[in-house]
Structure formats: C-alpha cells, structure tokens
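Working notes for the structure below.
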Amino acid sequence: MKKLIYTALLLFGLAASLFLFNKDKTDNLKETKKKPNEWFYSQRAFPFSDINYEAYQKSLDQAKALKAVNKSRNRYFEWEFAGPVNIGGRVSAVALNPVDPSIFYIGAASGGVFKTIDSGLSWEAIFDEQPSLSIGDIALAPSNPDVIYVGTGEANAGGGSVSYDGLGVFRSDDAGASWAHLGLDESGSIGRLAIHPQNPDICYVAAMGRMFSKNNQRGIFKTIDGGQTWQQMLYINDSTGAIDIVINPLNPETIYAAMWERIRRPDERIYGGPSCGIYRSFDGGESWQELTEGLPSGSPNTGRIGITISPSDPAVLYSIYADKEGYFDGVYKSTNFGDTWTHTNDAALNNMYSSYGW
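Mapping to our numbering: the sequence shown position 5 is 13, numbers consecutive.
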C-alpha cells in the first residue's frame, strides 16, 4: 500500500514539474516574441523612456514639405505602383454611412482612412496627406453623414506588435475630400468617438492617453463647437483612459463611458486594474456615476471593457469584459439604463480572445 502511495506521489510530482516547465517555456516564448518591438520603440525613444512627439511632428512636417518639393520637380514623370501587394494590416475602425450603406469608411492601425462608394468593390485612400496615419476610430454624424470625425492613435495596446500614438482629432465636412485638425494632440490614442444624433458639432472623444507614459490628457473630452474647443469631462487618473463611449439616441444627454487602466513600457505591461469601470452621465458629461451593481467593479483583475446600447430600446445595454491578461471575462446586460447588470449565458464565448483582449 505504501509503495502504491509513493508511486502515485512520484507520478504526481513529475506531472506537476512537467506542467510548470511547459508553462514557463510558453511564457518565456511569449516574452521573447515581444522583444523586437520593445527594442524598436526604445531605440526611437533613446535616451528617454518616451518618444519626443514634438520632434516627431517636426519630422512629419519636414517629410511633407520634401514630398511637395519632389512632386513639383518630378511633375513630368509618371509613376506606376510596383508593390508589394496583398499585405494586410489591422483594421481598427469601420464607419457606415447611415443614409447610403454602399458608402463606408475603414481606418487602418498604421495606414490612414479608406473610403468605398460601391460596397467595398473599390477603395480610395482619403487621409494620406495628414500628419498621423494611425487610426483609433471614425464616426459619421447621424444628422449629416458628410461630417466625419477621425480620432488618431490606435487604442489597441499591442502585444507582439507596435501600436502608434496619434496627433488628436480631425474633421471633414465634405465626406473626406478635405480635413481640418481639431487638436487634442496629447491624447495619444483614441478608443471611440460619439457624435450627438441631432447636432454634428457636439462630439465626445474617448481618449486613452499616451501608451508608453502617464499623462493627464486622457478620459472623456467634449466639444460643442465642432472641435474649436474641447473640455475634459471625465478624468480618473494619469494611467486610466477611456476606451469606449455610447450616447442614448433618444436622450443624448445620457452617455456611458468605459474606462481602462493601461500603461505599456518596454519592460512592463499594465493592461488592467481597479480603475477600470463603466460610468454614466445624465447631463451631457457634467457629472458622472460609476455603475457597479452586478459588474466586476474595483477588481485588480479587470481589463478592457466594451459597451453598446440598443438603438430601439436605450434602456438595454451590453458590456463585454476582458481580464488584465487579455482573456475573455464575460458579457453583461442591463435592462434599466445601467442601474443593475446581470451576467449573461456567455459560456460559448470562453477563450474567444485567447490572450489578446486588449
């Protein structure tokens, strides 16, 4: 009997050692894959921990000026695109024209904004002359779809890839033919834009802030004059930004915001924490209340949050949670404007993020 117990314990110990060895090997492999991109960023930030964005802006302006000079010098030459082709990247935003569904826009993580007027059969790059091609979100005004807001800076935090900060918000009043820079240059990355359903000059920006450093230009910002001025409406702390925002379509003074605690450094990644949560305002952002009843509020394990509202019944909202490691953590539903939430039957969604829910 003792021999059997000893053998069983020995086998258990071997199995546990094997599991821990493989887990450590997998974790090390994950970290190794991140190294090239961390080095890529650190090289450009050296000798500081963060890239000098004023110098970055100057270099963009210089490149634009040189491009204009070269274009004038080579006006007699015709150029033909030689490739490479069919190399895809991340699509970080999609916006559909509410009047004509054959017209829609996509934003690329590092490639600008593209427009189609034939349901995707052909595309036109409409943002290439702007100083930032890293796109966080695109929003069309429901009352006038020719008015487009673009938030630059991809908000996806990145794991084995590099996500670039942007240079604020841009607006077009002619369906993308021309653009105006509206500011919020220090907002870093923008998770979502939400435009008032009746007034295209009222827009909310969910700003995540700088990815690799703490700053206070994060949270919810609002303009009531088409982007001429901005007011910070919700701020939690210097490492927690806003990743999502929705407006009640029948009562636009009611808005909901999802906040995400996130800082990435070359040697550290914080993709969640107790500051993550959902907030509600009944007065256009003047005051806020955190919604906690039935939600994983205040947990150090909470990560990225998404939120949406039913267009036909604004009392109904859904939120989706990831944990701080990037794994799926649940879908929640409210039927009373966010007062209380219930965890839905979401077992079929388990592991849908793998570990990439950021």
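For glycine and all other residues, C-beta sits at the position ideal for the given N, C-alpha and C.
Predicted, not measured: the structure shown is a model, and the values here were computed from it.
Would you mind stating whether residue i and residue j have Cβ atoms separated by less than 8 angstroms?
i      : j      : result
Met219 : Ser283 : no
Lys332 : Tyr279 : yes
Ala101 : Ile146 : yes
Tyr335 : His351 : no
Leu175 : Asp154 : no
Pro150 : Pro205 : yes
Gly199 : Gly144 : yes
By the DSSP assignment, the beta strand (DSSP E) with residue i in it spans what residues?
i      : result
Lys230 : Gly227 to Thr231
Cys211 : Cys211 to Gly217
Ser362 : Per DSSP, Ser362 belongs to no beta strand (DSSP E) and is neither H nor E.
Phe112 : Phe112 to Ala116
Lys332 : Premise fails: Lys332 is in no beta strand (DSSP E) and is neither H nor E.
Glu261 : That residue, Glu261, is in no beta strand (DSSP E); it is neither H nor E in DSSP.
Ile315 : Thr310 to Ile317
Tyr340 : Phe336 to Ser342
Check residue i in the structure and name its three-state DSSP category.
i      : result
Ile52  : Before going further, note that residue 52 is Arg rather than Ile in the sequence given. Reduced to three states, the DSSP call for Arg52 is helix.
Ala202 : strand
Asp347 : coil
Lys123 : strand
Val324 : coil
Ser305 : coil
Lys66  : helix
Asp193 : helix
Glu132 : strand
Glu294 : coil
Val99  : strand
Glu46  : helix
Ala188 : strand
Tyr287 : strand
Leu37  : Low per-residue confidence applies at Leu37: pLDDT is 43, beneath 50, and the placement is therefore not dependable, though the value from the model is reported in the following sentence. Helix.
Val158 : strand
Val77  : helix
Taking buried to mean at least 16 other C-beta atoms within 10 Å of its own C-beta, is residue i buried or exposed?
i      : result
Thr262 : buried
Ile95  : exposed
Phe178 : buried
Asn256 : buried
Asn353 : exposed
Phe122 : buried
Gly119 : buried
Pro304 : buried
Ala356 : exposed
Leu201 : buried
Ser342 : buried
- Do the region 89 to 103 and the region 130 to 141 touch if we need at least three Cβ pairs shorter than 8 angstroms? Segments in contact, no.
- Message: Quick test of the definition: if touching needs 3 or more C-beta pairs under 8 angstroms, does the region 193 to 213 touch the region 226 to 235?
- Response: Touching, per the Cβ criterion.
- the region 293 to 307 touching the region 327 to 340, judged by at least three CB pairs closer than 8 angstroms: Contact annotation: the region 293 to 307 touches the region 327 to 340, with at least three C-beta pairs closer than 8 angstroms.
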